[in-house]
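Chemist: Sharing a structure, written as structure tokens. Questions coming.
Protein chains: 2
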Amino acid sequence: MGHETTLKDLARALDLSISTVARALSDHPQISEQTKARVRAAASVSGYVAHSAARAMRRGHSTLIGLIIPDVENEFYGTLAKGLAQCCDQAGFQMLLAITEDDPVSEERQVRALSEARVAGFVVVPSPKPLRATFGLLARGPCVQLIRRLDELAAPWFGIDEEAALREATGHLLGQGHRRIAYVGGSLDLSTGRGRLRGFEQAFEAAGLSVPHHLVRLGRPRRDFASDAFSSLWGQPEQPTAVVTGGARLCAGVLEVLGRMGLKIPADISVVGFGDAPWWYTALTTISLPAREIAIASGEFLLRRIRDGRREADSQNTPVYQAIHRSSLVLRASTAPVGT
Amino acid sequence: MGHETTLKDLARALDLSISTVARALSDHPQISEQTKARVRAAASVSGYVAHSAARAMRRGHSTLIGLIIPDVENEFYGTLAKGLAQCCDQAGFQMLLAITEDDPVSEERQVRALSEARVAGFVVVPSPKPLRATFGLLARGPCVQLIRRLDELAAPWFGIDEEAALREATGHLLGQGHRRIAYVGGSLDLSTGRGRLRGFEQAFEAAGLSVPHHLVRLGRPRRDFASDAFSSLWGQPEQPTAVVTGGARLCAGVLEVLGRMGLKIPADISVVGFGDAPWWYTALTTISLPAREIAIASGEFLLRRIRDGRREADSQNTPVYQAIHRSSLVLRASTAPVGT
DNA sequence: ATTGGTGCCGCAAACGTTTGCGGGGCGCAA
DNA sequence: TTGCGCCCCGCAAACGTTTGCGGCACCAAT
Chain V
1 MGHETTLKDL ARALDLSIST VARALSDHPQ ISEQTKARVR AAASVSGYVA
51 HSAARAMRRG HSTLIGLIIP DVENEFYGTL AKGLAQCCDQ AGFQMLLAIT
101 EDDPVSEERQ VRALSEARVA GFVVVPSPKP LRATFGLLAR GPCVQLIRRL
151 DELAAPWFGI DEEAALREAT GHLLGQGHRR IAYVGGSLDL STGRGRLRGF
201 EQAFEAAGLS VPHHLVRLGR PRRDFASDAF SSLWGQPEQP TAVVTGGARL
251 CAGVLEVLGR MGLKIPADIS VVGFGDAPWW YTALTTISLP AREIAIASGE
301 FLLRRIRDGR READSQNTPV YQAIHRSSLV LRASTAPVGT
Chain W
341 MGHETTLKDL ARALDLSIST VARALSDHPQ ISEQTKARVR AAASVSGYVA
391 HSAARAMRRG HSTLIGLIIP DVENEFYGTL AKGLAQCCDQ AGFQMLLAIT
441 EDDPVSEERQ VRALSEARVA GFVVVPSPKP LRATFGLLAR GPCVQLIRRL
491 DELAAPWFGI DEEAALREAT GHLLGQGHRR IAYVGGSLDL STGRGRLRGF
541 EQAFEAAGLS VPHHLVRLGR PRRDFASDAF SSLWGQPEQP TAVVTGGARL
591 CAGVLEVLGR MGLKIPADIS VVGFGDAPWW YTALTTISLP AREIAIASGE
641 FLLRRIRDGR READSQNTPV YQAIHRSSLV LRASTAPVGT
């Protein structure tokens, strides 16, 4: 007791060499079946558990993947984390999770910790403005960025066609005759916020209409911002007949204030939501995001690149890869033709 | 390039010994300030990053914590994971995340992987029936179990007073004059399911009423089960006037089918929800769970125990600790006196 | 001039694996 | 008896740290 069984212990007990025990446990062909059986039995009864750090040190690479996300309470990132975790598990990797809360300092600290753990690769949803050092750290291993795209980060990107997503949502409302359409979205310091606003605008442009910029509110993707933003929109002389949301928490904030104000959906106002929280108001027309698909695709991509990187030398001169996934607009009862 | 900088490299470049470089970087008192400055400068320009696996190997312990949960898409576990991650980060630990989906085989495999990584401790929300081997693995390090309590697992438990939670919710409805109160809850193979049902029963007993067992439906904690269960309850001759839910996903399922059936809350039926998904129907009376508090409390407990364990020998003969957190019933508009 | 003390640093072992290389033992043919 | 080949297995180095111990140089006190 008080001592973890090692190969040395097994070797001594079986009167074999350490190397033979090691090879037996890894099913090496040059070890007799009889010996393998003896070793396996001894390992089992002694409760031997391999020491992956020692193995990683000797082999020169670990089986760790670092996932860096802003928040895991958020349903969307939760789905991302789950998909990645399952990819990792399936491939024999383990997942180190870092939550940044979009704080660049915390981000740098945790990315450094992951680097020290010598992760085999990074999956990162970067903060809006990472510290300079963070980029250097992330460049130490294969890396993919998800959802948000940073030009400074020369890493493959897996994300959503944000423009199309909002173009479709807004177009749907325009098709129902809405003109005074409000947009409550995220600020422009993220690629997602920029893309979504652009999509909102494109829908009007495509219809030959001018964009109602006075009905646009951009800010931090928090519930309270969205509540306040919608309140101010509703207080305007020309009240919107519909509202499009550009983020899950923003959508929650809008729905909350709608409830507080006693407005009926869609009688008083049509609403297009964002994301797929499983307990959304089940009648909500929403922009559905392929979170799991992105997780799987990026995870498999990264794992493949890790395996390739082990064999060939760095073929990092390949053009930066990007995979654009499509969202889909789920039509339900929260949107209706204007004036009905 | 193509080579990670090590202490040896730094030592060679600075014409110092490896030990001096190591001590300089860890701010050892017996190294001159001048040398420290030189070393730090060289480390910085060369992009030196310590190798935590090597350190862990030499020191005999890692800075890894293993978190084992059924699912991270679930809001509640997401909050748990976030709280733990922040605890870890703050204490200089990293968090390895394993998702079991309540599959004992997957659970065993991943717990084994965490053991191989020599995590300094485990935080586990165990599956209903873990494999025998899993217990042995978990016993290799300090371990705390969350929410669900397994008697076979001799580990401190941090959870919720489930009985009180449902007693309070049910009592609230009884106080409003409801008698035909339905309960849609989880099956009895988990301590949570057992406690919640017991609490439901206790409320009736305390009121001197008989428990309406014909209005109780227990099953897997999934949305579709809850939807089906409530449908069948509603089809009974004596329709319930209120329903209590015993799980977040079950609550979502009930709300969903209520919406589909066009029932008005609370006019047609009163509803008590479970959990605090931030986008709950904002008028929902619900059992609010202290997820973050549990995460913080258990995380700090585990980290303290890890630090203690480093110094003293195993004082594992202490009685099994348990911390019971209290939920709170948040009264909103989804419950109303019967017949109003 | 010999001690004693102090400040700074190097040597080397150890942590638990993996793996290239080499070698002993045995069977079989010449 | 020698030569050859094959099957198993052991030796030892290496991965990158940390740390106990010892040593050198210098200064002050005896």
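The listed protein sequences correspond, in order, to chains V and W. Our numbering puts the first residue of the first sequence at 1, with every later residue one more than the last. Our numbering puts the first residue of the second sequence at 341, with every later residue one more than the last. We put the beta carbon where it would ideally sit given N, CA and C, even for glycine. Nothing here was measured: the structure is a model prediction, and the numbers come from that model.
To the nearest angstrom, how far is the alpha carbon of R395/W from that of L354/W?
Modeler: Taking the first residue of the second sequence as 1, we reach residue 395/W at position 55. Taking the first residue of the second sequence as 1, we reach residue 354/W at position 14. If you take the alpha carbons of R395/W and L354/W, they lie about 22 Å apart.
Chemist: Hey, out of A43/V, D189/V and R23/V, whose CA is closest to D9/V's CA?
Modeler: Locating residue 9/V in the first sequence gives position 9, where the first residue counts as 1. Of the candidates A43/V, D189/V and R23/V, the one whose C-alpha sits nearest the C-alpha of D9/V is A43/V.
Chemist: Would you mind reading off the limits of the alpha helix (DSSP H) that contains E416/W?
Modeler: Reading the second sequence from its first residue, position 76 is the one you call residue 416/W. Correcting the residue identity first, residue 416/W is Phe in this sequence and not Glu. Counting along the chain, the alpha helix (DSSP H) containing F416/W begins and ends at E415 to A431.
Chemist: Can V123/V and I65/V be called in contact, C-beta distance under 8 Å?
Modeler: Within the first sequence, numbered from 1, the residue matching residue 123/V stands at position 123. Within the first sequence, numbered from 1, the residue matching residue 65/V stands at position 65. Yes.
Chemist: Given a cut-off of 8 Å, decide if L365/W and V385/W are closer than it, judged by their beta-carbon atoms.
Modeler: Reading the second sequence from its first residue, position 45 is the one you call residue 385/W. Reading the second sequence from its first residue, position 25 is the one you call residue 365/W. No, Cβ-Cβ distance for V385/W and L365/W is not below 8 Å.
Chemist: Would you mind reading off the limits of the beta strand (DSSP E) that contains Q662/W?
Modeler: One-based indexing of the second sequence puts residue 662/W at position 322. Run containing Q662/W: Q662 to H665, per the beta strand (DSSP E) assignment.
Chemist: How is the alpha helix (DSSP H) around G141/V delimited, first residue to last?
Modeler: Taking the first residue of the first sequence as position 1, residue 141/V is located at position 141. From DSSP, G141/V is part of no alpha helix (DSSP H); its letter is neither H nor E.
Chemist: Across the segment 548–557 of chain W and the segment 605–617 of chain W, are there enough close Cβ pairs to call them in contact, namely three or more that are closer than 8 Å?
Modeler: Because the criterion of three Cβ pairs below 8 Å is not met, the segment 548–557 of chain W and the segment 605–617 of chain W do not touch.
Chemist: Using a C-beta cutoff of 8 Å, does A43/V count as contacting chain W?
Modeler: To locate residue 43/V, count along the first sequence from 1; it is residue 43. So no, A43/V is outside the interface.
Chemist: Can the beta-carbon of T100/V be found less than 8 Å from the beta-carbon of P70/V?
Modeler: Walking along the first sequence from the start, residue 100/V turns up at place 100. Walking along the first sequence from the start, residue 70/V turns up at place 70. Yes, Cβ-Cβ distance for T100/V and P70/V is below 8 Å.
Chemist: What in chain V is Cβ-close to I439/W, meaning under 7 Å?
Modeler: Sequence index remark: in the second sequence, residue 439/W carries index 99 (1-based). Within chain V, the residues near I439/W are K82, A85 and Q86.
Chemist: What did DSSP end up calling T6/V once you bin it into helix, strand or coil?
Modeler: Start at 1 with the first residue of the first sequence, and residue 6/V comes out as number 6. Looking at T6/V - three-state DSSP - the assignment turns out to be coil, as it is neither helix nor strand.
Chemist: Let me confirm a value: T340/V is counted as buried when at least 16 other C-beta atoms fall within 10 Å, else exposed. Which label applies?
Modeler: By 1-based counting over the first sequence, the position of residue 340/V is 340. It is exposed - the Cβ of T340/V has fewer than 16 other Cβ atoms within 10 Å.
Chemist: Would the segment 299–311 of chain V and the segment 102–112 of chain V be scored as touching if the rule is three or more Cβ pairs under 8 Å?
Modeler: With the cut-off at 8 Å, the segment 299–311 of chain V and the segment 102–112 of chain V do not touch.
Chemist: Hey, F230/V and V254/V are a contact pair by Cβ (cut 8 Å); roughly how many whole angstroms apart?
Modeler: As a working note, residue 230/V is residue 230 in the first sequence. As a working note, residue 254/V is residue 254 in the first sequence. With 8 Å as the limit, F230/V and V254/V qualify as a contact, their Cβ atoms being about 5 Å apart.
Chemist: May I have the straight-line CA-CA distance separating T6/V from L16/V, to the nearest angstrom?
Modeler: Residue numbering aside, residue 6/V sits at position 6 when the first sequence is read from its first letter. Residue numbering aside, residue 16/V sits at position 16 when the first sequence is read from its first letter. Straight-line Cα distance between these residues: approximately 13 Å.
Chemist: Counting only the same chain and skipping the five closest in sequence on each side, list residues whose C-beta sits under 8 Å from that of V243/V.
Modeler: In the first sequence, the residue the question calls residue 243/V occupies position 243. Correct list, in chain order: I181, A182, Y183, V184, F230, L233, V254, I269, S270, V271 and V272.
Chemist: Along the chain, where does the beta strand (DSSP E) containing L96/V start, and where does it finish?
Modeler: Within the first sequence, numbered from 1, the residue matching residue 96/V stands at position 96. L96/V -> beta strand (DSSP E) spans Q94 to I99.
Chemist: Could you say which of L407/W, N414/W, P470/W and K422/W lies nearest to A460/W if we only look at CA atoms?
Modeler: Sequence index remark: in the second sequence, residue 460/W carries index 120 (1-based). Cα-wise, what sits closest to A460/W is L407/W.
Chemist: Kindly list, in the order they appear in chain W, the residues whose Cβ is closer than 7 Å to that of V124/V.
Modeler: Here residue 124/V refers to the residue found at position 124 when the first sequence is read from its first residue. Under the 7 Å cutoff, chain W gives no residues; its nearest Cβ is about 15 Å from V124/V.
Chemist: Anything in chain V within Cβ reach of R458/W, meaning under 8 Å, just list it in chain order.
Modeler: In the second sequence, the residue the question calls residue 458/W occupies position 118. Correct list: H51, S52 and A53.
Chemist: Is V320/V buried or exposed, if buried means 16 or more other CB atoms sit within 10 Å of its CB?
Modeler: One-based indexing of the first sequence puts residue 320/V at position 320. Its Cβ having fewer than 16 others within 10 Å, V320/V is exposed.
Chemist: Using a Cβ-Cβ cut-off of less than 8 Å, give me the residues of the segment 594–614 of chain W that come near chain V, in sequence order.
Modeler: Listed by position, the residues of the segment 594–614 of chain W near chain V (Cβ gap below 8 Å) are L595, E596, G599 and R600.
Chemist: How far does the beta strand (DSSP E) with T286/V in it reach, from first residue to last?
Modeler: If you number the first sequence from 1, residue 286/V lands on position 286. T285 to S288 is the span of the beta strand (DSSP E), which, as asked, contains T286/V.
Chemist: With three or more beta-carbon pairs closer than 8 Å as the criterion, would you say the segment 475–482 of chain W touches the segment 504–513 of chain W?
Modeler: Touching, no, given that fewer than three Cβ pairs across the two stretches are closer than 8 Å.
Chemist: Considering only DSSP beta bridges, list what R217/V is partnered with.
Modeler: Within the first sequence, residue 217/V is the residue found at index 217, counting from 1. According to DSSP, which records beta bridges pairwise, R217/V is partnered with V184/V.
Chemist: Looking at the secondary structure, which residues open and close the alpha helix (DSSP H) in which T245/V lies?
Modeler: Counting from one through the first sequence, the residue named residue 245/V turns up at place 245. Element bounds for T245/V: not the alpha helix (DSSP H) but the beta strand (DSSP E), A242 to G246.
Chemist: What span of residues does the alpha helix (DSSP H) with S359/V cover, start to end?
Modeler: This structure gives no information on residue 359/V, because the portion of chain V shown stretches from 1 to 340.
Chemist: Under 8 Å Cβ to Cβ from L514/W, same chain only, skipping five residues before and after it: list those, please.
Modeler: For the purposes of this step, residue 514/W is taken as residue 174 along the second sequence, with counting starting at 1. Excluding positions up to five away in sequence, the list reads I521, A543, F544, A547 and L549.
Chemist: By alpha-carbon positions, which one of I147/V, A22/V and G78/V ends up nearest to I324/V?
Modeler: To locate residue 324/V, count along the first sequence from 1; it is residue 324. Nearest option by C-alpha distance: I147/V.
Chemist: In chain order, what residues of the same chain have a beta carbon less than 6 Å from the beta carbon of G535/W, not counting five sequence neighbours either side?
Modeler: Here residue 535/W refers to the residue found at position 195 of the second sequence. Only E502 and E503 meet the Cβ criterion.
Chemist: Quick one: is E447/W near chain V, going by C-beta distance under 8 Å?
Modeler: Position 107 of the second sequence holds residue 447/W. Not one chain V Cβ lies under 8 Å of E447/W.
Chemist: According to the neighbour-count rule (16 or more other Cβ atoms, all chains shown, within 10 Å of its Cβ), is K264/V buried or exposed?
Modeler: Sequence index remark: in the first sequence, residue 264/V carries index 264 (1-based). By the 10 Å Cβ count, K264/V comes out exposed.
Chemist: Is A494/W buried or exposed, if buried means 16 or more other CB atoms sit within 10 Å of its CB?
Modeler: The residue given as residue 494/W occupies position 154 in the second sequence. Its Cβ having fewer than 16 others within 10 Å, A494/W is exposed.
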